[in-house]
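-16 is the number of the first residue of the sequence shown in the numbering used here; add one for each residue after it. Yeah, the Cβ is synthetic: ideal placement off N, Cα and C, and Gly gets one too. Written out below as structure tokens is the structure these notes cover.
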Amino acid sequence: MDTAVRNRKRSNKENKPAMKKVIYSTLLMSILTSCGITAPNYFPTYNETTLRIDTLSSKESGWTVRVIPNDSLSPFTNKWYSKHLHSMREPVIYNNTNPDRNIVRVTFLPTWGNPTSYRMEQKGSEISITYSKTDGQGGYNAGRRVAHETEKIDKEKWECVMSKMDAINFWNIGTHDPNLILDGEEWIFEASINGYYHLVTRNCPDIYDGKDYAELCSLIVQIYQEQIIDKSQ
-16 MDTAVRNRKR SNKENKPAMK KVIYSTLLMS ILTSCGITAP NYFPTYNETT
34 LRIDTLSSKE SGWTVRVIPN DSLSPFTNKW YSKHLHSMRE PVIYNNTNPD
84 RNIVRVTFLP TWGNPTSYRM EQKGSEISIT YSKTDGQGGY NAGRRVAHET
134 EKIDKEKWEC VMSKMDAINF WNIGTHDPNL ILDGEEWIFE ASINGYYHLV
184 TRNCPDIYDG KDYAELCSLI VQIYQEQIID KSQ
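What follows is the structure, given as structure tokens:
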């Protein structure tokens, strides 16, 4: 047998274990990703079995009404929102402990459209805004990130957002949407400012009784769009 052929066969035998390991690792990663195991929880989770019953509301409505705590989500909703933020490769911000890093983020999850997020950060005197988008659908699959861009912006624009938050009493808006809407678009606003975190989520607030909140979310989108226009000129 030709020496080169013998060497090639011996090399193939030596590489088989390594090849099997690569194939196994790739398959395992695919399974974990499809199961959502690799995505962390982007929000605190409340325990559905220990929620306090709202006696008055339950009596008036005729069914059991439970008090849902602010700044946390059910396991189902947390997994839903988190898989989209994870696919955008966004950071978890509710556990931010850096006093020199303030963050606000608005995430849009349209049932039939592409998820997007706009994140503004203040680090000392530097202000930035980051836009991300995936090719998934907000009510279904997360997809993969297809757009990502970070721009530096003026301090005045950050202060404009802070002023709007104060004007609408953002820190006292309840986290959970009082309306039950099956389709539409989730508008999720998070703020981690000076060690305080607050989360608000509404479905189509521009249509269903959330004008002030919708204006706050839209303001961040507007700031990003204006920055892109200014950059192109």
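{"Asked": "Should the segment 129 to 139 be regarded as contacting the segment 157 to 164, the criterion being three or more beta carbon pairs within less than 8 Å?", "Found": "no"}
{"Asked": "Entirely within the segment 47 to 123 and at least 4 residues each: give me those alpha helix (DSSP H) ranges in chain order.", "Found": "58 to 70"}
{"Asked": "Please name the residue, chosen from T60, G178, S44, G45, that lies closest to N30 on a Cα-to-Cα basis.", "Found": "T60"}
{"Asked": "With distance defined between alpha-carbon atoms, name the residue in Y64, I112, E104 nearest to N24.", "Found": "Y64"}
{"Asked": "Leaving out the 5 sequence neighbours to the left and right, which residues in its chain are closer than 8 Å to C143 when beta-carbon positions are compared?", "Found": "L202, I206"}
{"Asked": "In three-state DSSP terms, what is T33?", "Found": "helix"}
{"Asked": "Shortest alpha-carbon distance to L56 belongs to which of I110, M145, W154, L34?", "Found": "L34"}
{"Asked": "With DSSP run on the structure shown, which of helix, strand or coil describes L163?", "Found": "coil"}
{"Asked": "Using a threshold of 7 Å, state whether the C-beta atoms of W154 and Q105 are closer than that.", "Found": "no"}
{"Asked": "Determine, using beta-carbon pairs with one atom in the segment 76 to 86 and one in the segment 187 to 195, whether at least three such pairs fall under 8 Å.", "Found": "no"}
{"Asked": "Would you mind sorting Y179 into buried or exposed? The rule is 16 or more other CB atoms within 10 Å of its CB.", "Found": "exposed"}
{"Asked": "Among S146, T38, S70, T28, whose alpha-carbon lies nearest the alpha-carbon of A22?", "Found": "S70"}
{"Asked": "Could you spell out where the beta strand (DSSP E) holding W170 opens and where it closes?", "Found": "168 to 176"}
{"Asked": "Per DSSP, what kind of secondary structure is T158 in: helix, strand or coil?", "Found": "coil"}
{"Asked": "Per DSSP, what kind of secondary structure is L10 in: helix, strand or coil?", "Found": "Confidence at L10 is low in this model, with a pLDDT of 36, below 50, so the placement of that residue should be treated as unreliable; the coordinate-derived value is given next. Helix."}
{"Asked": "Kindly list the residues whose CB is nearer than 8 Å to the CB of G119, restricted to its own chain and excluding five residues on each side of it in sequence; keep chain order.", "Found": "H67, S70, N97, P98, A125, G126, R127"}
{"Asked": "Helix or strand or just coil, what does DSSP make of T230?", "Found": "The structure shown does not extend to residue 230, since the chain is modelled only from -16 to 216, so the question has no answer here."}
{"Asked": "In whole angstroms, give me the CA-to-CA distance for E169 and I86.", "Found": "20 Å"}
{"Asked": "For the beta strand (DSSP E) holding A130, just list the boundary residues, first then last.", "Found": "128 to 135"}
{"Asked": "From this set, G107, P52, T113, which residue's C-alpha is nearest H181's C-alpha?", "Found": "P52"}
{"Asked": "What is the rounded straight-line gap between the Cα of I112 and the Cα of L165?", "Found": "31 Å"}
{"Asked": "How long is the line joining the alpha carbons of K194 and R185, rounded to whole angstroms?", "Found": "11 Å"}
{"Asked": "Based on Cα-Cα distance, which residue from G167, A174, F91, G107 lies nearest to V204?", "Found": "F91"}
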